[in-house]
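Notes follow the structure.
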Amino acid sequence: YVALGSNLNHPRERVMEGFERLSTLPQTRLELRSRIYLTRPMGPQDQPNFANAVAGMLTHFTARELLDALLDIERAMGRNRHERWGPRIIDLDLLWMTGAPINEPGLTLPHPGVSERNFVLYPLSDIAPTLLIPGHGRVVNLKSRVNGGGMSVL
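First residue of the sequence shown? That's 2 in my numbering, and the numbers climb one at a time after it.
This is the structure we're talking about:
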C-alpha cells in the first residue's frame, strides 16, 4: 500500500500522475485506487492544502526495491526534499507490505505514523478497511480513532 500526496502544481493532477506512474512499474500491478481527499497540511500550516490518496498494489519487488522505485518516481516528478513536512509536488510513502514488519536504515514498515494520520487512514479505508496493520490494528478501527475534520473528497 502506497500513500500519495501533493500540495503544489495542481495537486489533484499530480496525485493522478503518481497513480499513472505507479501503474507502469515493472513486476507490479496497480490494483486499487482510493478516492482523492483534500486535507490540511501536517506541520507548517502556511502552505496549501494537500490532495491525498492511497494505492493498493501487487508487486514482485522487495520492500527496499519498491521504496527505491517510489523515490525514483518522486525525483522524476520534481520532488525536492528540503523541508520536513513542507510543500511538495509529490510524496509517495510505502505504508505496508504483506510480510513481517521491517525496521532498517531508511525503511520502516509499517510506516511510522500510519495509525495516526487521517490523510492516510481515510483513503486506505476506502480500499482496505479490514487490513491489519501489525502492532496497530485494523484500518477501519484506526480510522475511527482519528478526527476527519477539515477533510473532504475531491
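We treat Cβ as the ideally placed atom computed from N, Cα and C, and that holds for glycine.
Cβ distance (whole Å) where residue i is taken to contact residue j below 8 Å
i      : j      : result
Ala52  : Leu33  : Ala52 to Leu33, Cβ: 17 Å. No contact.
Thr29  : Leu59  : 7 Å
Pro102 : Leu9   : Between Leu9 and Pro102 the Cβ distance is about 32 Å, and since that is not below 8 Å, they are no contact.
Ile90  : Arg15  : 6 Å
Glu117 : Val147 : 7 Å
Leu125 : Val55  : 5 Å
Ile37  : Leu155 : 4 Å
Pro113 : Trp86  : Contact flag wrong, Cβ pair sits at about 13 Å.
Helix, strand or coil at residue i [DSSP, three-state]
i      : result
Leu155 : coil
Spatially closest choice to residue i from the options, by CA coordinates
i      : options                        : result
Tyr123 : Leu110, Val140, His11, Glu21   : Val140
Phe120 : Ala129, Lys144, Glu105, His137 : Lys144
Pro130 : Val154, Pro27, Gly57           : Gly57
Leu133 : Ser7, Leu67, Leu110, Arg22     : Leu110
Ala70  : Arg15, Gly149, Pro27, Gly79    : Pro27
Asn22  : His11, Ala77, Ser126           : It should be pointed out that residue 22 corresponds to Arg in this sequence rather than to Asn. For Arg22, the nearest C-alpha among the options comes from Ala77.
Met152 : Met43, Gly19, Glu18            : Met43
Gly149 : Ser7, Glu18, Arg41             : Arg41
Gly100 : Glu18, Ala64, His137           : Ala64
Asn50  : Met98, Val115, Leu68, Ser7     : Ser7
Glu66  : Gln48, Met98, Trp86            : Met98
- Task: Go through the region 6-51 residue by residue and report every complete run of the beta strand (DSSP E) that reaches 3 residues or more, in order.
- Result: Counting whole runs of 3 or more residues, the region 6-51 contains the beta strand (DSSP E) stretches 29-34, 38-40.
- Item | Runs of beta strand (DSSP E) lying entirely within the region 71-150, each at least 3 residues, in chain order | Listed in chain order, they are 92-95, 103-105, 108-110.
- Per the contact definition of three or more C-beta pairs closer than 8 Å, is the region 94-101 in contact with the region 2-14? Per the Cβ contact rule, the region 2-14 is in contact with the region 94-101 (3 or more Cβ pairs under 8 Å).
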